[in-house]
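Going by our numbering, the first residue of the sequence shown is number 840, and it counts up by one from there. Built from N, CA and C at the ideal position, the CB exists for glycine as well.
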Amino acid sequence: MTVDMTSQAQRMQDMLTRGEMLQAPGAPDVLTARLVEHAGFNAIYMTGFGATASTLGVPDIGLMTQTEMLTQARNMVRVTGIPIIADADAGYGGISNIERTVVEYAHSGVAAIHLEDQVAPKRCGQMAGIRLLSVGESVKRLKCAVQVRGKHPLQIIGRTDALGVDGIDAAIDRAKAYQDAGVDLAFVDGVKTIAQVEQIARRLDGRKVISIVEGNETTALSAPQLREMGFSVVLYAVTTLFAAAKTSLDVLQQLKQSGSTQADASKMMNYTDFVKIVGIDKHQKLDEMFGGE
């Protein structure tokens, strides 16, 4: 299969230019990325939180390497056709690492990356204990990313995790500074209340990203409401991860207790439907065309 490695990025850029809002459920793995596309969404979020949990089985505290994240990105691009917005953490090191990160992610075929302003080791934006780079250093790192990206349509998202550390005013000020540095979209992470969403929408002009996380009151906000508020991209970073974990645990506990999965059959996909999701029809056709006699 041949892949145009700029196609996803160009598609996202065109969607933003037309004023479309991207709804991007998080995919902790490649299978989930296929499910997101199958469900009809127009984008996928390659979540670092989910990737860390599904790959290493640990919290998102900066343990995934650039190589591991890039492998995840490339594998998702190979089996999906909609824009993938990828978590690139804080760039995996210094300025030269930022350069390599941008180049490698662009070559992977993803549509966008977000770079955050945390000191290593970074943490999930919803966690306590986050430490921030200075605004000046963060701006320089983002300017580097934008320059390295050049004319490639890869979208650069400047993410700030200042909300939980210094409050909403500082977070919005940082987001504005990152916009001035030339990023394509600004992202205030760690949002937990509707009031915070409203402030970001009202006070931050330009293209912006919001992340809706289960367990916070922001889940009450619908996609049309968020579009009306002016958000260009909505991430649902942990929706699929939490749903899969809860359903799997429920089914396993029922199996352990009763010795059978019969009572939970409605919670599971059947074999025929599952193999269609992972592309069995395509491979059967290839075998029919080119397989042995």
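CB-CB length for residue i against residue j, believed under 8 angstroms
i: D1005; j: D1028; result: Wrong, their Cβ atoms sit about 13 angstroms apart, outside the cutoff.
i: A882; j: Q862; result: 7 angstroms
i: F1026; j: H953; result: 6 angstroms
i: F888; j: V1077; result: 6 angstroms
i: F1070; j: I1049; result: 5 angstroms
i: R1046; j: L1065; result: With a Cβ gap of about 13 angstroms, R1046 and L1065 do not count as contacting.
i: V987; j: E938; result: 5 angstroms
i: A1059; j: V1073; result: The Cβ separation is near 14 angstroms, so there is no contact.
i: Q994; j: M851; result: 6 angstroms
i: I1119; j: L874; result: Incorrect: roughly 15 angstroms between the Cβ atoms, too far for contact.
i: P992; j: Q849; result: 5 angstroms
Cβ pair residue i, residue j closer than 8 angstroms
i: E876; j: T910; result: no
i: D926; j: M885; result: yes
i: L981; j: A1020; result: yes
i: Q1018; j: P922; result: no
i: T1057; j: K1085; result: no
i: Q1093; j: A1102; result: yes
i: I1051; j: V1022; result: no
i: G1003; j: A959; result: no
i: M915; j: A872; result: yes
i: R1013; j: E955; result: no
i: V1090; j: T1079; result: no
i: A1016; j: V974; result: yes
i: I1011; j: I1039; result: yes
For residue i, the first and last residue of its enclosing beta strand (DSSP E)
i: L1024; result: L1024 to V1027
i: P1063; result: Run containing P1063: none in the beta strand (DSSP E); it sits in the alpha helix (DSSP H), A1062 to E1067.
i: I952; result: A951 to E955
i: I969; result: Where I969 is concerned, there is no enclosing beta strand (DSSP E), given that its DSSP letter is neither H nor E.
First and last residue of the uninterrupted alpha helix (DSSP H) at residue i
i: K990; result: It is not in any alpha helix (DSSP H) - K990 carries neither H nor E in the DSSP assignment.
i: I934; result: I934 to S947
i: G1003; result: L1002 to D1005
i: Q1101; result: No alpha helix (DSSP H) contains Q1101, which DSSP labels as neither H nor E.
i: I1039; result: I1033 to R1042
i: D1126; result: I1119 to F1129
Bridge partner(s) assigned by DSSP for residue i
i: D928; result: Bridge partners of D928: none, in fact.
i: V1048; result: F1026 and V1072
i: L861; result: V1072
i: G997; result: L954 and A1025
i: A866; result: M885
i: I923; result: I883
Is the region 967-987 in contact with the region 863-872, if contact means three or more CB pairs nearer than 8 angstroms? no
How do the region 932-942 and the region 889-900 stand: do at least 3 beta-carbon pairs fall below 8 angstroms, yes or no? no
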